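Participant: Submitted below is the structure of interest, expressed as structure tokens.
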Amino acid sequence: MMHRFLRKLGGLVARPDSLRILIYHRVLDSVDYLRPDEPDRARFNWQMKLLHDYFTPLGLAEALQLREEGRLPRNAVCVTFDDGYADNYKNALPILERWDIPASVFVSTGFLNGGRMWNDSVIESVRNSRLERWDLSRIGLGHCSLAGRADRYQLVLAILQAIKHWEPAKRAEAVSYIESLSEELPTDLMMTDSQVQEMARRGVTIGAHTVNHPILKAVDLDTATHEIRESREYLARLIGKEIPFFAYPNGRRGHDYEESHTRLIRDLGFSAALSTDKGVVVSNSDDMQLPRFTPWDKNPLKFSLRLLANR
Ligand SMILES: [Zn+2]
């Protein structure tokens, strides 16, 4: 019954000139109490099956080409991943292939081959610590309990919130202190060079996402230029192909990047760039800051309804 309902609804609300671009980061092995919003394989699988059954999944290049020609199919959708997590290769790729869904992965090249993003260092430190209490006075959080899972989850949120907007060097110092309170941390969270190459070989579009994932607005324009260029050149060398697309780190217009950066992206010759602002791509959307859509719903019907209704 849901099938007929969704097909009918899709026909009613979908505009032929609109494109939905979904943004993912990870596809976990299984549900993780410290990352409750990240889908695991099971959730990602039904989401991709829904896209396969009720939408028209397209590669980014193809979708943008069809949009330019005014020939986007109904319910056109693109799947994208940011950052370059190894589970994109290990968990997402087989599911994408099962349902014949093209995808794009935007890679921060500085973390490939064993690196870790600062937020992951915090999460994994909290997970792996054998201590029951941490003294986090130095980051303004006082003494914090790690007794139970709920405490640990709240602690992750509190730390991320507290240091998110710190200047990178100061934040790195806080993170290395946090790491010192924990046991061994994973070095296989992000893809390796050869996993990126394998993704590209199997048809995944590889896009640039800077080297170190700085918030562009927080660094000077020379640094931003270098970060963007370096990541693109690294990836182009790695996969032997042009890198036409870019995704802004953190990605909120005005907050994380501004007009000087969209100009920069255009000047560097990218053909499109993606933000994390919520929305559907329509005919007059700016190619240098295409909005996306975060598919956080844990329930298939809600997920489909929001996908269909979002604009
Ligand atoms: Zn990112």
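Reminder that position 271 of the sequence shown reads as 299 in the numbering used here, one-by-one numbering, no gaps. Note that CB positions come from ideal geometry on N, CA and C, so glycine has one too. This structure is a prediction, so every number in the text was calculated from the model and none was measured.
1) Could you spell out the range, first to last residue, of the alpha helix (DSSP H) harbouring His-171?
2) Along the chain, where does the beta strand (DSSP E) that runs through Ile-49 open and close?
3) Met-218 bridges to which residues according to DSSP?
4) Per DSSP, what kind of secondary structure is Ile-243 in: helix, strand or coil?
5) Measure the alpha-carbon distance for Val-105 versus Arg-158 and round it to whole angstroms.
6) Within the same chain, show all residues whose beta-carbon is closer than 7 Å to that of Val-184, passing over the 5 residues directly before and after it, in chain order.
7) How long is the line joining the alpha carbons of Arg-265 and Phe-72, rounded to whole angstroms?
8) Do the CB positions of Arg-320 and Gly-307 come within less than 9 Å of each other?
9) For Gln-317, which residues of its own chain have a beta-carbon under 7 Å away from its beta-carbon, when the five flanking residues on both sides are left out?
10) Within the same chain, show all residues whose beta-carbon is closer than 6 Å to that of Asn-116, passing over the 5 residues directly before and after it, in chain order.
11) From the DSSP output, in three-state form, read off Ile-129 for me.
12) Give a single yes or no on whether Asn-240 has its beta carbon closer than 8 Å to a heavy atom of ligand 1.
13) Leaving aside the five residues before and after Lys-326 along the sequence, list all residues of the same chain whose C-beta is less than 7 Å from its C-beta, in chain order.
14) Of the choices His-254, Ile-49, Ala-175, whose alpha-carbon is the least far from that of Val-107?
15) According to the neighbour-count rule (16 or more other Cβ atoms, all chains shown, within 10 Å of its Cβ), is Ser-165 buried or exposed?
16) Consider the C-beta atom of Pro-277 and the heavy atoms of ligand 1; say whether any pair is separated by less than 8 Å.
17) Which residues in the same chain as Lys-245 place their Cβ atom closer than 8 Å to its Cβ, once the five residues preceding and following it in sequence are excluded?
18) Tell me the start and end of each unbroken alpha helix (DSSP H) in the region 270 to 326 that is at least 4 residues and wholly inside, in chain order.
19) What's the gap between the Cα of Asp-128 and the Cα of Leu-217?
20) Three or more C-beta pairs under 8 Å: does that hold for the region 137 to 147 against the region 212 to 228?
21) Work out the CA separation of Pro-323 and Leu-335 for me, nearest whole Å.
22) Just to confirm, is the Cβ distance from Leu-209 to Ala-190 under 9 Å?
23) Can you tell me whether His-171 is buried or exposed? The criterion is at least 16 other CB atoms within 10 Å of its CB, across all chains shown.
24) Please return the same chain residues whose Cβ sits closer than 7 Å to the Cβ of Ile-243, not counting the five positions on each side in sequence.
25) Given this structure, state the Cα-to-Cα distance separating Glu-160 from Gly-176, to the nearest angstrom.
26) Hey, Asp-60 and Glu-66 are a contact pair by Cβ (cut 8 Å); roughly how many whole angstroms apart?
27) Hey, how far is the Cα of Leu-174 from the Cα of Asp-163?
28) Just mark Glu-255 as buried or exposed, buried being the case when its beta carbon has 16 or more other beta carbons within 10 Å.
29) In the DSSP assignment, find the alpha helix (DSSP H) that holds Trp-146 and state where it starts and stops.
30) By the three-class DSSP mapping on this structure, what secondary structure does Leu-56 have?
31) Could you give the DSSP three-state label for Gly-235: helix, strand or coil?
32) Does DSSP classify Trp-162 as helix, strand or coil?
33) Report the rounded CA-to-CA distance for Met-227 versus Thr-84, giving the unit in angstroms.
Facilitator: According to the structure data:
1) Counting along the chain, His-171 falls outside any alpha helix (DSSP H), though it belongs to the beta strand (DSSP E) covering 170 to 173.
2) Per DSSP, the unbroken beta strand (DSSP E) holding Ile-49 starts and ends at 47 to 52.
3) BP columns for Met-218 point to Tyr-113.
4) Three-state result, Ile-243: coil.
5) C-alpha separation (whole angstroms): 44 Å.
6) Cβ neighbours of Val-184 beyond the five flanking positions: Leu-62, Val-150, Ile-151, Val-154.
7) Their Cα atoms are separated by approximately 31 Å.
8) Taking a C-beta distance under 9 Å as the contact criterion, Arg-320 and Gly-307 qualify as a contact pair.
9) Exclusion of the five residues before and after Gln-317 leaves Arg-281, Thr-290, Ala-301, Ser-303 as the residues of its chain whose Cβ lies within less than 7 Å of its Cβ.
10) Here the set comprises Phe-109, Val-133.
11) Assignment of Ile-129 by DSSP, reduced to helix, strand and coil, places it in the coil class.
12) It does not: the Cβ of Asn-240 is nowhere closer than 8 Å to a heavy atom of ligand 1.
13) Excluding residues within five positions, the ones whose Cβ falls inside 7 Å are Arg-71.
14) Of the listed residues, the one whose Cα sits closest to Val-107 is Ile-49.
15) In summary, Ser-165 is exposed, with fewer than 16 beta-carbon neighbours lying within 10 Å of its beta-carbon over all protein chains present.
16) Checking every heavy atom of ligand 1 against the Cβ of Pro-277, one is found closer than 8 Å.
17) Cβ neighbours of Lys-245 beyond the five flanking positions: His-283, Asp-284, Tyr-285, Glu-286, His-289.
18) Secondary structure within the region 270 to 326: the alpha helix (DSSP H) runs of 4 or more consecutive residues, fully enclosed, are 287 to 295 (chain order).
19) When rounded, the distance between both Cα atoms is 25 Å.
20) Counting Cβ pairs under 8 Å, three or more are found: they touch.
21) When rounded, the distance between both Cα atoms is 8 Å.
22) Between Leu-209 and Ala-190, the C-beta gap is not smaller than 9 Å, which leaves the two residues out of contact.
23) Burial call: exposed.
24) In its chain, beyond the 5 residues on either side, Pro-277, Asn-278, Asp-284 have a beta carbon closer than 7 Å to the beta carbon of Ile-243.
25) Distance between the alpha carbons of Glu-160 and Gly-176 is about 9 Å.
26) The pair is a contact, with the Cβ atoms about 7 Å apart (cut-off 8 Å).
27) So the two alpha carbons sit approximately 11 Å from each other.
28) Buried.
29) Counting along the chain, the alpha helix (DSSP H) containing Trp-146 begins and ends at 146 to 156.
30) Three-state DSSP puts Leu-56 in a strand.
31) Here Gly-235 sits in strand by DSSP.
32) Of the three classes helix, strand and coil, the one that applies to Trp-162 here is strand, per DSSP.
33) For Met-227 and Thr-84, the distance between alpha carbons rounds to 21 Å.
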